[in-house]
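Mapping the sequence shown onto full-length UniProt numbering, position 91 (from 1) lands on 91, and the numbers just tick up by one.
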Amino acid sequence: MTTSRYTPALVRLHWLMAALVFATFALGVLVSQLPVSPAMFRLIAWHKWGGVLLFGLVLMRIFVRLRHGAPPLPGTTRRAALRAAHAVHGALYLCFLAVPLAGYFASLAKGFPVVLFGVLPLPAPIGADPMLAGRLALLHSTLAYAFGALVLLHVAAACKHQWLDRDGLISRMAFAPAPSSPKGQP
1 MTTSRYTPAL VRLHWLMAAL VFATFALGVL VSQLPVSPAM FRLIAWHKWG GVLLFGLVLM
61 RIFVRLRHGA PPLPGTTRRA ALRAAHAVHG ALYLCFLAVP LAGYFASLAK GFPVVLFGVL
121 PLPAPIGADP MLAGRLALLH STLAYAFGAL VLLHVAAACK HQWLDRDGLI SRMAFAPAPS
181 SPKGQP
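Written as structure tokens, this is what we have:
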């Protein structure tokens with residue numbers, strides 16, 4: 001990729017997935033605080049749907065990213081910052097895959113199938129296993145909070161680039177090209 005911006009498809013996927021991560025994480029936290037009730041089970045279903053959609057979207061995003069690449073970082077980016085950015089992005093992609101998979105298998109191990117939108121049952125390669133269910137639920141929760149921390153780090157880095165470095169990095173993922181301004185200008 002020779003442009004300084006991501007493709008429109010990757011920009012749309014990025015922001016759709018950001019909204020879905022926020023909503024799915026919030027639902028997960030909410031349902032963990034609710035007493036057992038029909039409303040709780042409905043919210044759990046929505047949480048599962050969000051996870052399944054995120055898993056599918058990240059596969060699509062990986063495909064598009066491999067096909068089109070990423071725009072280069074600003075030339076002023078230090079080597080350590082470049083390594084950190086690659087490490088955080090790699091960890092984010094890993095979490096995009098691992099969190100939904102851990103939740104999916106935790107649900108199956110608890111004896112609850114995953115039925116997308118209430119109509120499409122997903123395969124159940126494992127059966128109910130209470131001991132495994134507890135371990136997978138803990139893994140899912142731990143990974144989800146680690147994912148949340150990585151997202152906050154990602155947002156903090158974007159804010160640093162936007163308001164401290166003023167290097168235009170955030171415009172790479174904007175819906176429309178941002179007007180360019182000289183370094184140091186608002």
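Where a beta carbon is used, it is the ideal one built from N, C-alpha and C, also for glycine.
Of the other Cβ atoms in all chains shown, fewer than 16 fall within 10 Å of the Cβ of Ala26; this residue is therefore exposed. Residue environment for Leu59: exposed (fewer than 16 other C-beta atoms within 10 angstroms of its C-beta).
The Cβ atoms of Gly50 and Leu73 lie no closer than 8 Å to each other.
Around the beta carbon of Leu143, 16 or more other beta carbons sit within 10 angstroms, so the residue counts as buried. DSSP places Val114 outside both helix and strand once states are collapsed to three, so it counts as coil.
Its chain contains Ala106 as the residues whose beta carbon lies nearer than 7 Å to that of Ala137, once the 5 sequence neighbours on both sides are disregarded; these appear in chain order. Secondary structure at Leu120: strand, using DSSP grouped into helix, strand and coil.
Close CB contacts of Ala9 within its chain, under the 6 Å cut and outside five residues either way in sequence, are with Val64 (chain order). For Phe22, the enclosing alpha helix (DSSP H) covers residues Pro8 to Gln33. Arg83: member of the alpha helix (DSSP H) spanning Arg79 to Ala109, first to last residue.
A residue is called buried once 16 or more other Cβ atoms fall within 10 Å of its Cβ, and His47 is buried on that count. Per DSSP, the unbroken alpha helix (DSSP H) holding Pro38 starts and ends at Pro38 to His68. With the rule of 3 Cβ pairs closer than 8 Å, the region 76–92 counts as touching the region 147–158.
Around the beta carbon of Val99, 16 or more other beta carbons lie within 10 angstroms, which makes this residue buried. For Phe175, there is no enclosing alpha helix (DSSP H), as DSSP marks it with neither H nor E.
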